[in-house]
Amino acid sequence: MNIVRFLDEQGTAVLGVLEGEEIYEITTLHPEACRDIVTLAQHAKNVGQTPSQLISSLNYRQQEKVYRLQNVELLTPVDAPEVWACGVTYERSRDARNIEMKEKPEGLTFYDKVYEAERPEIFFKSTSARTVHPHQPVCIRSDSEWQVPEPEVGLVINGSGEIIGYTAGNDMSSRDIEGENPLYLPQAKIWRNSCSFGPTIRLAETVDDPYNMDIVCRIYREEKLIFEGSANTSQLKRKFHELINYLLRDNEVFDGTVLLTGTCIVPPDEFTLQEGDLIEIEVSGVGTLSNPVALATRTGVQKS
Numbered sequence: 001m002n003i004v005r006f007l008d009e010q011g012t013a014v015l016g017v018l019e020g021e022e023i024y025e026i027t028t029l030h031p032e033a034c035r036d037i038v039t040l041a042q043h044a045k046n047v048g049q050t051p052s053q054l055i056s057s058l059n060y061r062q063q064e065k066v067y068r069l070q071n072v073e074l075l076t077p078v079d080a081p082e083v084w085a086c087g088v089t090y091e092r093s094r095d096a097r098n099i100e101m102k103e104k105p106e107g108l109t110f111y112d113k114v115y116e117a118e119r120p121e122i123f124f125k126s127t128s129a130r131t132v133h134p135h136q137p138v139c140i141r142s143d144s145e146w147q148v149p150e151p152e153v154g155l156v157i158n159g160s161g162e163i164i165g166y167t168a169g170n171d172m173s174s175r176d177i178e179g180e181n182p183l184y185l186p187q188a189k190i191w192r193n194s195c196s197f198g199p200t201i202r203l204a205e206t207v208d209d210p211y212n213m214d215i216v217c218r219i220y221r222e223e224k225l226i227f228e229g230s231a232n233t234s235q236l237k238r239k240f241h242e243l244i245n246y247l248l249r250d251n252e253v254f255d256g257t258v259l260l261t262g263t264c265i266v267p268p269d270e271f272t273l274q275e276g277d278l279i280e281i282e283v284s285g286v287g288t289l290s291n292p293v294a295l296a297t298r299t300g301v302q303k304s
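My numbering numbers the first residue of the sequence shown as 1 and each following residue consecutively.
Here it is as structure tokens:
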């Protein structure tokens, strides 16, 4: 079961069930429980149901009003107070990070070491204000010459670390900034409009095997496909519960937090995003997250 958040005719953010191209709004059917996905999950737990069972009990398909996906403004499926991300969780990511390094040590790099280490790499990625909705522009930095999307499966969790559902995420990255010095990681990862996720949340209890989810990334330039890559969560080095466990250690995690679980899709080394590109990230069972690319600026006015 896939949950979306969108604006109704009054401009109010509401939840809906997406089936094909049709959206069945559920917030007005049970305002107390269906205000947002976290409230829904908690209310279902309180009454001894799964979220999908609670939603099904609302008989949402009997409504007269049905929205068409193409006619609504989609929001991120949860207003995540924080987005965290994991690095070097796939072998391909480790190899790409090693390629980025300007100064390579003899023997094992720190990327090699963290790939094999007990403790995973987890870093802060975004806030609600820095995260853009589906179909809104993600931005590239004005001081980077090597920028890529990072297609990832995102975990939507509550403050206790329970997985509410899965989403598709884009962890925008400046490869040259991180490659210059690993201490520049925050600047290589965090800037205006540097993160997006959606378009849906696939409820956790409706996913048969989260370690068999296909991920596909497509990048278009002037309406032509210039890159396509694919991966599967079976290639993950670490399990989701392991990543969540480390995120929770001595840390306050807020309801509705999104944890991006790392990428296994990396465009060719000579590739960099340009303004006007279109990024599509598709996760099986979740849907396709689509964002155009724009330039980030300090003042909100495009730099020349």
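Ideal placement from N, C-alpha and C gives every residue a C-beta, glycine not left out. Predicted model, so just to flag it, every value in this text is computed and none were measured.
Reducing DSSP to helix, strand and coil, say where residue i ends up.
| i | result |
| --- | --- |
| aspartate 171 | strand |
| threonine 257 | strand |
| threonine 131 | strand |
| glutamate 25 | strand |
| glycine 16 | strand |
| aspartate 269 | coil |
| asparagine 71 | helix |
| tyrosine 220 | strand |
| aspartate 214 | strand |
| glutamate 91 | helix |
| glutamate 61 | In the sequence as displayed, the identity of residue 61 is arginine instead of glutamate. Looking at arginine 61 - three-state DSSP - the assignment turns out to be helix. |
| glutamine 10 | coil |
Under DSSP, the beta strand (DSSP E) around residue i begins and ends at which residues?
| i | result |
| --- | --- |
| lysine 224 | 224–232 |
| leucine 278 | 278–283 |
| isoleucine 140 | 138–140 |
| glutamate 82 | 82–87 |
| valine 293 | 287–295 |
| arginine 5 | 2–7 |
In terms of residues, what are the limits of the alpha helix (DSSP H) holding residue i?
| i | result |
| --- | --- |
| asparagine 245 | 240–248 |
| aspartate 112 | 110–116 |
| threonine 39 | 37–46 |
| isoleucine 55 | 51–56 |
Beta-carbon within less than 6 Å of residue i's beta-carbon, same chain only, minus the 5 sequence neighbours each way: which residues are those?
| i | result |
| --- | --- |
| isoleucine 281 | Pro151, Ala168, Asn170, Cys217, Leu289 |
| isoleucine 279 | Pro149, Ile219, Asn291 |
| threonine 12 | none |
| glycine 229 | Cys217, Ile265 |
| glutamine 147 | Ile140, Ser174, Thr272, Leu273 |
| glycine 287 | Pro199, Thr200 |
| leucine 260 | Ala85, Glu152, Gly154, Gly169, Asp171 |
| valine 78 | Ile37, Val156, Gly256 |
| arginine 202 | Asn2, Gly165, Tyr166, Gly285, Val286 |
What residues in its chain sit with their C-beta under 8 Å from that of residue i, if we drop five residues either side in the sequence?
| i | result |
| --- | --- |
| valine 309 | A query on residue 309 cannot be resolved here, the shown segment of the chain reaching from 1 to 304 and no further. |
| arginine 68 | Glu21, Glu22, Ile23 |
| glutamine 53 | Ala44 |
| serine 234 | Tyr211, Asn212 |
| valine 258 | Val78, Ala80, Glu82, Val83, Trp84, Gly154, Leu155, Val156, Ile157, Thr167, Gly169, Phe197 |
How long is the line joining the alpha carbons of residue i and residue j, rounded to whole angstroms?
| i | j | result |
| --- | --- | --- |
| threonine 299 | proline 51 | The predicted model places threonine 299 with a pLDDT of 40, which falls under 50 and marks its position as unreliable, so this point remains unresolved. |
| isoleucine 26 | glutamate 180 | 48 Å |
| proline 134 | aspartate 8 | 16 Å |
| arginine 141 | asparagine 46 | 45 Å |
| glycine 165 | valine 83 | 14 Å |
| leucine 248 | lysine 125 | 16 Å |
| glutamine 42 | serine 160 | 11 Å |
| methionine 213 | threonine 297 | 35 Å |
| leucine 185 | tryptophan 191 | 11 Å |
| glycine 276 | valine 293 | 5 Å |
| glutamine 49 | tyrosine 111 | 42 Å |
| valine 17 | glycine 107 | 51 Å |
| valine 14 | valine 207 | 23 Å |
| arginine 2 | leucine 236 | The sequence shown places asparagine at residue 2, not arginine. Each residue's alpha carbon lies about 23 Å from the other. |
| arginine 221 | alanine 33 | 43 Å |
| proline 267 | aspartate 95 | 12 Å |
| cysteine 195 | glutamate 162 | 22 Å |
Considering only residues of the same chain and omitting the five flanking positions on each side of residue i, which have a CB-CB separation below 7 Å?
| i | result |
| --- | --- |
| arginine 238 | Thr89, Pro120 |
| glycine 87 | Ser93, Glu121, Phe123, Gly262 |
| histidine 30 | Leu58 |
| asparagine 193 | Arg130, Val132, Pro137, Val138, Cys139, Ala296 |
| isoleucine 99 | Asp269 |
| isoleucine 71 | Before going further, note that residue 71 is asparagine rather than isoleucine in the sequence given. Answer for asparagine 71: no residue qualifies. |
| leucine 225 | Arg218 |
Return yes when at least one heavy atom of the ligand ZN lies under 7 Å from the C-beta of residue i, else no.
| i | result |
| --- | --- |
| tryptophan 191 | This structure lacks the ligand ZN, and indeed carries no ligand of any kind. |
task: Within the stretch 142–208, note down every full beta strand (DSSP E) run reaching 3 residues or more, in order along the chain.
output: 151–157, 163–171, 195–203
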